[in-house]
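Numbering (our numbering), first residue to last: 391 to 800.
Note that beta-carbon positions come from the ideal geometry of N, C-alpha and C, so glycine has one too.
Remember, it's a predicted structure, so these values are computed and weren't measured experimentally.
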Ligand code: NIG
Ligand code: FE
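Quick look at the structure:
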């Protein structure tokens, strides 16, 4: 089956020589082809180029006159398997309570864990699928999904099984991440090392036994898990083949970046609190620093020093953190806008940060994240718009008209 997308006003994010990620000055490079065609064969990108160079036949033609085509977003950090929304805490925060204060009194992650424990696997699947479909229509084609609202062995397994079902049924590229160390259950307060033992001795082996996780995550931060807890958990996960991805430096300079780099994490995420030592430590590593603009926006946190990181030669990725407590939106178009408006990335850098670099941060940049021959035909066609800069510029508006994953319109 060959599909030709023709008369594309501008085909954006093409790579003639595919790279696994872009760092420093490379982040400003964005190849495009004006008045272009894109040829898809059997779900993969077969060819692209200027319309004038097109010859051949296709089984199906899609006319993109006046429209731009982009690679779909990759969202490398989400928590979309949960039962309840948390707008009451949102109001508490407006009235002056901090995220940490809410967590201390048993709200926050524990609030979600309680409701999520009570929901059945089928119910959680239906809710997560709805969220997944929602972000897919906004242009996301690949997504990482974490457990972490279980916090007991059975409940964590239930969440991971939901993610497995999503993998089996959704056309999106999905990676699963085991985040048993997301919060400390009330009954373990004061002796959290016993909860860490549970994660290591019971949860990780069971998760591995069922092959449920691609990655292992720890919320390494002030008031949550310590660097020592993190080291123990990562060591155990790595033994079972799970590569680390870390929640680090959201509340404080936690040591999370350093421990992530030490254990060769594929990414360290959040990074609202970054000193020079953290930037230094990331240099030359294989770890993708990942910023979550929705979380900083929703919680009014300090902004991660994205420009400083890029100027230091680092790569930067930006993901949604879609979750009920700190970012109840998975809209990557909005993340793209925030990348430019709040973090001063240029549109080119912001597009790389939300496609290729997030694909790297979930280990799939060899198959998605750009328009390159042989990659999955995951792309969206915009509504009629003037230029690629319009994508981040017109924040809050849905600019995506049609989404294709594996060459098939969804
Ligand atoms: O990435 N920081 C830790 N975990 C989530 C928030 C979870 C919640 O509040 O429900 C995050 O922001
Ligand atoms: Fe998160």
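If you measure between the beta carbons of residue i and residue j, is that distance less than 7 Å?
i: residue 642; j: residue 680; result: no
i: residue 740; j: residue 751; result: no
i: residue 737; j: residue 475; result: no
i: residue 456; j: residue 782; result: no
i: residue 658; j: residue 638; result: yes
i: residue 791; j: residue 771; result: yes
i: residue 696; j: residue 733; result: yes
i: residue 463; j: residue 722; result: yes
i: residue 541; j: residue 503; result: yes
i: residue 487; j: residue 402; result: no
i: residue 430; j: residue 702; result: no
i: residue 511; j: residue 471; result: no
i: residue 622; j: residue 586; result: yes
i: residue 805; j: residue 656; result: Residue coverage of the chain in this structure runs from 391 to 800, which leaves residue 805 outside it and unanswerable.
i: residue 517; j: residue 742; result: no
Count the other CB atoms, across all protein chains shown, that sit within 10 Å of the CB of residue i; report buried if there are 16 or more and exposed otherwise.
i: residue 465; result: buried
i: residue 558; result: exposed
i: residue 601; result: exposed
i: residue 599; result: exposed
i: residue 631; result: exposed
i: residue 523; result: exposed
i: residue 579; result: exposed
i: residue 660; result: buried
i: residue 683; result: buried
i: residue 581; result: exposed
i: residue 419; result: exposed
i: residue 531; result: buried
i: residue 399; result: buried
i: residue 520; result: exposed
i: residue 595; result: exposed
i: residue 583; result: exposed
i: residue 391; result: exposed
i: residue 406; result: exposed
i: residue 481; result: exposed
To the nearest angstrom, report how far apart residue i and residue j are at their CA atoms.
i: residue 394; j: residue 560; result: 24 Å
i: residue 397; j: residue 426; result: 6 Å
i: residue 467; j: residue 548; result: 19 Å
i: residue 719; j: residue 710; result: 7 Å
i: residue 748; j: residue 404; result: 16 Å
i: residue 478; j: residue 617; result: 32 Å
i: residue 667; j: residue 726; result: 27 Å
i: residue 439; j: residue 450; result: 18 Å
i: residue 786; j: residue 724; result: 6 Å
i: residue 528; j: residue 469; result: 17 Å
i: residue 550; j: residue 603; result: 7 Å
i: residue 350; j: residue 614; result: Within the shown structure, residues of the chain are numbered from 391 to 800, placing residue 350 beyond reach of any answer.
i: residue 453; j: residue 513; result: 39 Å
i: residue 689; j: residue 443; result: 50 Å
i: residue 673; j: residue 788; result: 36 Å
i: residue 499; j: residue 573; result: 6 Å
i: residue 619; j: residue 447; result: 59 Å
i: residue 777; j: residue 413; result: 24 Å
i: residue 571; j: residue 640; result: 15 Å
i: residue 597; j: residue 691; result: 33 Å
i: residue 415; j: residue 744; result: 16 Å
i: residue 756; j: residue 746; result: 9 Å
Check the C-beta distance from residue i over to residue j and give it rounded, since I have them as a contact under 8 Å.
i: residue 685; j: residue 716; result: 4 Å
i: residue 501; j: residue 535; result: Actually they do not touch by this definition, with Cβ atoms about 20 Å apart.
i: residue 411; j: residue 678; result: 7 Å
i: residue 669; j: residue 704; result: 7 Å
i: residue 507; j: residue 537; result: Actually they are not in contact, since the Cβ atoms of residue 507 and residue 537 sit about 12 Å apart, beyond 8 Å.
i: residue 533; j: residue 564; result: 6 Å
i: residue 758; j: residue 526; result: The pair is not a contact, with the Cβ atoms about 13 Å apart (cut-off 8 Å).
i: residue 543; j: residue 576; result: 17 Å between Cβ atoms; not a contact.
i: residue 644; j: residue 611; result: 5 Å
i: residue 646; j: residue 634; result: Rounded, the Cβ-Cβ distance is 11 Å, inconsistent with contact.
i: residue 588; j: residue 608; result: With 8 Å as the limit, residue 588 and residue 608 do not qualify as a contact, their Cβ atoms being about 14 Å apart.
i: residue 562; j: residue 795; result: 6 Å
For ligand 3, is there a heavy atom less than 6 Å away from the beta-carbon of residue i?
i: residue 425; result: For the structure depicted, ligand 3 is absent and the ligand set comprises only ligand 1 and ligand 2.
With a threshold of 7 Å between beta-carbons, can residue i be considered close to chain D, or not?
i: residue 460; result: The chain inventory of the structure shown lacks chain D, comprising one protein chain alone.
Stretch pair the region 427 to 435 + the region 754 to 769: three plus CB contacts closer than 8 Å: yes
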